[in-house]
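Taken in order, the sequence shown gives residues 924 to 1140; the numbers are from this note's numbering. Cβ coordinates follow ideal geometry from the N, Cα and C atoms, glycine included.
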Amino acid sequence: MKSYDDMDRESILKIVKIFSRLYPHPTPTLKWTSPFECLIAVILSAQCTDKKVNLVTRKLFGKANTPGKILILGQKKLAGIIKPCGLFNGKSRNIIATCEILIKNFNGKIPQTQPELETLPGVGPKTAQVILAQIWNKPAFPVDTHIHRVANRLGICTTKTPEQTEKCLKSKIPSRYWHDLHLQMIFHGRETCKARRPSCHDCPLANLCDSKNNNFQ
Ligand code: SF4
924 MKSYDDMDRE SILKIVKIFS RLYPHPTPTL KWTSPFECLI AVILSAQCTD KKVNLVTRKL
984 FGKANTPGKI LILGQKKLAG IIKPCGLFNG KSRNIIATCE ILIKNFNGKI PQTQPELETL
1044 PGVGPKTAQV ILAQIWNKPA FPVDTHIHRV ANRLGICTTK TPEQTEKCLK SKIPSRYWHD
1104 LHLQMIFHGR ETCKARRPSC HDCPLANLCD SKNNNFQ
């Protein structure tokens, strides 16, 4: 069997093309209509499903969808609305602090660089990369647990952490593919290459995957 480290560029590009056919126009599942709404939705999505976040943000953004309006709402009411997303005390605290910083340091706008984004409470490197990719269309490859798993199973990367996987994918895949590919890999991880019992028999990537039919538990 070939080493995972040895997956050649040609095979990786074949995988990228198959993903493009599987999900030709991938769009984020989180719903938002402004950069600020996107930021809040991504903060709320930590350890919560996108479906639940969308239910919560529909209610929240109906009441408050700017930093100023969230501050008027206040942390207590905010926490009550976002409670279904979990971790609501910490998330509401971070969102209030983020709104204060946005108004004070960024004129109420969402910054466009990773270092600036990471000054916002609740925004780590992955969240910052999501914002850069999805709002500002900048070359970014935010790696979540699905992408980390899929990349390693396919053999594109042999890595232990999502951070290492991000570096690996960026080094092996041209940046023009990053935006769509990060969404395509998430969808594939959710729908087919699930953590337990992946559907290898139904997987269009099986011929290129060294992990097919492994007994994942
Ligand atoms: S063949 Fe199986 S392990 Fe490989 S990518 Fe497809 S679902 Fe995942």
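Only exposed fits PRO1097, as fewer than 16 other CB atoms lie within 10 angstroms of its CB.
Sorting ASN1136, ALA1074 and ARG1113 by C-alpha distance to the C-alpha of PRO1085 places ALA1074 at the top. Between PRO990 and LEU1025, the CB-CB gap stays under 8 Å. Taken from the Cβ of LEU1128, at least one heavy atom of the ligand SF4 lies inside 7 Å. Closest in C-alpha terms to ASN1137, from the list ASN977, ALA1002 and ARG1076, comes ARG1076.
Between LYS1027 and PHE1064 the beta-carbon gap is near 30 Å, outside 8 Å, which marks them as no contact. With respect to the C-alpha of LEU1001, the residue from LEU1010, LEU983 and ILE1058 having the closest C-alpha is LEU983. Only residues of its own chain outside the window of five on either side were considered, and among them ILE963, ILE966, ILE993, LEU1001 and GLY1045 have a CB closer than 7 Å to the CB of ILE1018, listed in chain order.
Ranked by Cα distance from TYR946, the options LYS986, LEU1106, GLU1039 and GLY1003 are led by LEU1106. In the three-state DSSP reduction, HIS1105 falls in the helix class (H, G or I).
Comparing alpha carbon positions, the residue from ARG932, PRO1007, GLY997 and THR952 closest to THR1021 is GLY997. For THR1042 and HIS1124, the gap between their C-alpha atoms comes out near 45 Å. Around the C-beta of GLU1089, 16 or more other C-beta atoms lie within 10 Å, and the residue is accordingly described as buried. The shortest C-alpha to C-alpha distance from GLN1087 to any of HIS1102, VAL1066 and LYS974 is the one to VAL1066.
Not one heavy atom of the ligand SF4 is found less than 7 Å from the C-beta of VAL1046. Residue state for PRO1085 is assigned as helix, using DSSP reduced to three classes.
Measuring C-alpha to C-alpha distances from ASN988 to each of LEU1010, CYS961 and LYS999 identifies CYS961 as the nearest.
Bounds of the alpha helix (DSSP H) holding PRO958 are 958-967. Taking 7 Å as the cut-off, one finds no heavy atom of the ligand SF4 near enough to the beta carbon of THR1082. If you check the CB distance, ARG1113 and HIS1069 come in under 8 Å.
Rounded to the nearest whole angstrom, the C-alpha separation of LEU1055 and GLY985 is 25 Å.
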